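Worksheet: one structure, shown below.
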Ligand code: AMP
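In the working numbering, the protein residues as written are 11 to 405.
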């Protein structure tokens with residue numbers, strides 16, 4: 011059967027994450043990750059039929075990774091059945107409130123957003139270019155992390171800064187993780203057995219990067235990330251909110267440059283900075299249980315800031331019908347979920363300790379005994395990108 015499979019690509023500066031899946035059934039035929047592209051130790055890991063293989067890449071960049079992928083598709087006999095390629099693109103600015111079929115005009119618009127995402131959009135563009143060369147005969151679609159949040163009202167997206175910064179330089183809140191927030195909100199509505207259009211939900215995507223979103227009737231009305239994915243919650247190595255006066259103060263006190271401070275806020279802060287031990291929540295929970303004071307503090311600050319932010323999102327919604335936990339931490343850490351819900355008792359959550367402890371990755375479900383429902387929902391960004399790609403092409 012031709013046209014069954016959508017290839018989903020997430021191209022970073024030195025990595026490509028990919029999955030070949032059927033948008034209708036969710037079946038994954040092949041998935042994998044090419045890493046350290048451009049370096050001598052470059053490799054690609056492929057997963058299929060429950061098995062995993064790793065190939066060295068001789069230091070080649072995207073093109074070589076795509077050669078391995080093409081050979082694998084050929085070996086699987088599905089190369090001619092790839093009907094479309096969906097690309098995750100980080101920043102779509104104010105131009106994109108929906109996914110878009112990639113044309114030269116769309117590429118120009120993604121290029122115009124480079125100043126807003128200087129690390130991510132250039133990598134996304136290089137990946138798209140290499141993928142179009144590798145898969146020239148099929149349509150390519152860009153699915154933007156920011157698009158879902160374009161429905162936010164101005165009270166949520168404007169910063170209280172000079173207006174010209176917004177009009178001339180695009181300084182506003184954009185939000186990220188849109189694909190995941192949209193996907194888990196729809197899944198939660200199905201689990202609750204209620205139409206998404208009637209629900210006011212808060213979705214908490216908690217992974218190495220974390221953000222919270224207020225979803226009203228399936229539309230984003232506020233989110234914790236802003237101009238960049240640095241704003242908001244405490245993350246693995248990202249600080250989340252800090253005083254905007256920090257840069258100037260620290261530059262004067264320490265002699266660090268603005269870019270050094272920004273790099274440290276992105277890579278040496280968050281859970282890693284607080285604990286001075288690790289950015290990985292699993293490791294920190296184990297260390298905290300063993301009495302490590304820094305790990306305990308990191309976990310506590312993470313939960314405190316998360317609960318405060320969720321409560322803020324309840325204000326954005328006016329009424330709260332449910333809270334959803336997703337992402338590596340949200341789906342796997344019963345401790346973080348329970349601690350967050352205890353802090354949020356003021357909003358009417360009653361944790362079901364047994365259901366919460368039993369909800370592990372791969373199992374979505376309710377974790378409250380009464381009051382406002384809280385749920386664990388497994389996110390699936392690849393499937394969501396494949397479906398959005400198919401929808402764009404069907405239009
Ligand atoms: P992600 O970016 O969505 O893959 O999430 C990565 C984060 O999830 C890391 O901080 C992991 O430590 C965390 N994580 C994964 N499994 C667990 C677990 N069983 N308990 C606590 N944290 C976990």
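Glycine residues also receive a C-beta, built at the ideal position from the N, C-alpha and C atoms. Predicted, not measured: the structure shown is a model, and the values here were computed from it.
By the DSSP assignment, the beta strand (DSSP E) with residue 215 in it spans what residues?
210-216
Per the DSSP calculation, residue 27 is bridged to which residue(s)?
20, 43
Ranges of the alpha helix (DSSP H) found wholly within the segment 107-153, counting only runs of at least 4
114-122, 130-144
Please state the DSSP three-state secondary structure of residue 4.
Only positions 11 to 405 of the chain appear in this structure, which leaves residue 4 out of reach.
Measuring alpha carbon to alpha carbon, tell me which of 60, 328, 263 ends up nearest residue 211.
328
Assign residue 105 to one of three DSSP states: helix, strand, or coil.
coil
Let me check one thing: in DSSP terms, what residues is residue 232 bridge-paired to?
224
Burial state of residue 98, where buried means 16 or more other Cβ atoms lie within 10 Å
buried
Unbroken beta strand (DSSP E) run spanning residue 62, endpoints
61-66
Tell me the residue span of the alpha helix (DSSP H) that contains residue 368.
363-368
Per the contact definition of three or more C-beta pairs closer than 8 Å, is the segment 273-282 in contact with the segment 190-208?
no
With contact counted as at least three CB pairs below 8 Å, one residue from each stretch, are the segment 216-223 and the segment 239-257 in contact?
yes
In this structure, does DSSP put residue 179 in helix, strand or coil?
helix
Assuming residue 177 contacts residue 101 (C-beta within less than 8 Å), just tell me the rounded distance between them.
With 8 Å as the limit, residue 177 and residue 101 do not qualify as a contact, their Cβ atoms being about 18 Å apart.
Go to residue 387, then tell me how far its beta strand (DSSP E) extends in each direction, as first and last residue.
Segment: none, residue 387 is in no beta strand (DSSP E) and carries neither H nor E.
Contact check, residue 239 vs residue 186 under 8 Å by CB: the rounded distance?
5 Å
Locate the alpha helix (DSSP H) running through residue 353, then write down its first and last residues.
344-353
Local conformation of residue 98 per DSSP, three classes
strand
Go through the segment 273-345 residue by residue and report every complete run of the beta strand (DSSP E) that reaches 3 residues or more, in order.
332-336
Are the CB atoms of residue 332 and residue 396 within a distance shorter than 8 Å?
no
Spatial neighbours of residue 324 within its chain, please: C-beta separation below 7 Å, excluding the five flanking residues on both sides.
212, 330, 357
Could you have a look at residue 55 and say whether DSSP puts it in helix, strand or coil?
strand
C-alpha gap between residue 11 and residue 91, whole angstroms
With a pLDDT of 44 at residue 11, under the threshold of 50, the modelled position of that residue is not reliable, and the figure given next carries that caveat. Rounded to whole angstroms, residue 11 to residue 91 spans 7 Å at the Cα level.
How about the segment 295-305 and the segment 153-173: do they share at least three Cβ pairs that are nearer than 8 Å?
no
Write down the C-beta distance between residue 394 and residue 189 rounded to the nearest angstrom, noting that I regard them as a contact closer than 8 Å.
5 Å
Along the chain, where does the beta strand (DSSP E) containing residue 378 start, and where does it finish?
378-381
The ligand AMP and residue 295: does the residue's C-beta get closer than 7 Å to at least one heavy atom of that ligand?
yes
Would you identify the three-state DSSP class for residue 395, choosing helix, strand or coil?
helix
Collapsed DSSP secondary structure at residue 11 in the structure displayed:
Note on residue 11: pLDDT 44, under 50, position unreliable in the model; the coordinate value appears next. Reduced to three states, the DSSP call for residue 11 is coil.
In angstroms with no decimal places, state the Cα-to-Cα distance between residue 265 and residue 272.
13 Å
Can you tell me whether residue 358 is helix, strand or coil according to DSSP?
coil
Is residue 343 near the ligand AMP, with its Cβ less than 7 Å from a heavy atom?
yes
Below 7 Å, is the gap between the Cβ of residue 291 and the nearest heavy atom of the ligand AMP?
yes
Just verifying my parser: in three-state terms, what is the DSSP assignment at residue 88?
coil
Contact set for residue 162: own chain, Cβ-Cβ below 8 Å, skip 5 residues either direction:
183, 185, 230, 231, 232, 233
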